[in-house]
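In what follows, a structure is listed as structure tokens, so that the remarks can point back to it.
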Amino acid sequence: MVVIQTVDNSTVVAKAKPISPQAFAAYGGILACDLQMAGASQSSANQGTAVKLMKMAPVTNNYANAPSGKPATANWNIFRSSPPKHLFGSSNGTKTYTSKVLERHPYTTQTFVPMGCSRDLDAFLVIVAPDKEGLPDYEKVEAFIFKGDQSVTYGVGTWHAPMVVLGDTHLDFAVLVHENGVDLEDCEEVVYSGMTIELN
97 MVVIQTVDNS TVVAKAKPIS PQAFAAYGGI LACDLQMAGA SQSSANQGTA VKLMKMAPVT
157 NNYANAPSGK PATANWNIFR SSPPKHLFGS SNGTKTYTSK VLERHPYTTQ TFVPMGCSRD
217 LDAFLVIVAP DKEGLPDYEK VEAFIFKGDQ SVTYGVGTWH APMVVLGDTH LDFAVLVHEN
277 GVDLEDCEEV VYSGMTIELN
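Per this note's numbering: the sequence shown = residues 97 to 296.
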């Protein structure tokens, strides 16, 4: 990861909301069977014991456009993510999270799939922002709460915060991403003084 800018944005406040495919479409895709079953292209699979929902989130490798010319491989990584308790707080009875970093992967999608988490649990927080001339437009940051049976795919070049686990203990994620080992091509970061995300 390479830090490309540091910004004072301590006045920015955003309210987290439940996830939906439509709300997240500008930032990538989600995998959430209960939310996507009705509108998805479907087929029967596994001798009739499964329903396949087709092409639900993109998997993209644009490293052919990277300056180094170094090819990337598709990798499944595991992230064991702990709740960032030092960044949680409260204000006037509202639980808050202070977001201090946004990052992006300029040439690849990145998908986080939670492992072994309850579908009823508010499991993790996803914070995203649109791009503005090569940097996050932090004044338009959005935040979404994901359940334990929902996954997120960040689109190519989508600015997002590192994973924010909402429970009391760590959560494991299987993570699909393309990587070529060139730090600036794999991940860029912008560091902030801290923007407030309201969780309730």
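Note that CB positions come from ideal geometry on N, CA and C, so glycine has one too.
Computed from a prediction, not measured in an experiment: that's the story for all the values here.
The secondary-structure analysis by DSSP pairs Y193 across a beta bridge with F184 and I293. For E281, the enclosing alpha helix (DSSP H) begins and ends at D279 to D282. Within the same chain, Cβ atoms closer than 6 Å to the Cβ of V271 are found at N173, F175 and F208, the five residues on either side in sequence being excluded.
With respect to E238, V109 sits apart: the two C-beta atoms are not nearer than 8 Å.
DSSP links G125 through a beta bridge to T249. A Cβ-Cβ separation of about 7 Å places Y234 in contact with V103 under the 8 Å criterion. When DSSP states are grouped into helix, strand and coil, A160 belongs to the helix group.
For P117, the enclosing alpha helix (DSSP H) starts and ends at P117 to F120. Counting of Cβ neighbours within 10 angstroms places Q118 among the exposed residues, the total staying below 16. Beta-bridge partners of A141 (DSSP): A146. In the structure shown, E229 adopts coil according to DSSP, grouped into three states. A contact between stretches requires three or more CB pairs, one per stretch, nearer than 8 Å, and the stretch 187-203 meets this requirement with the stretch 242-259.
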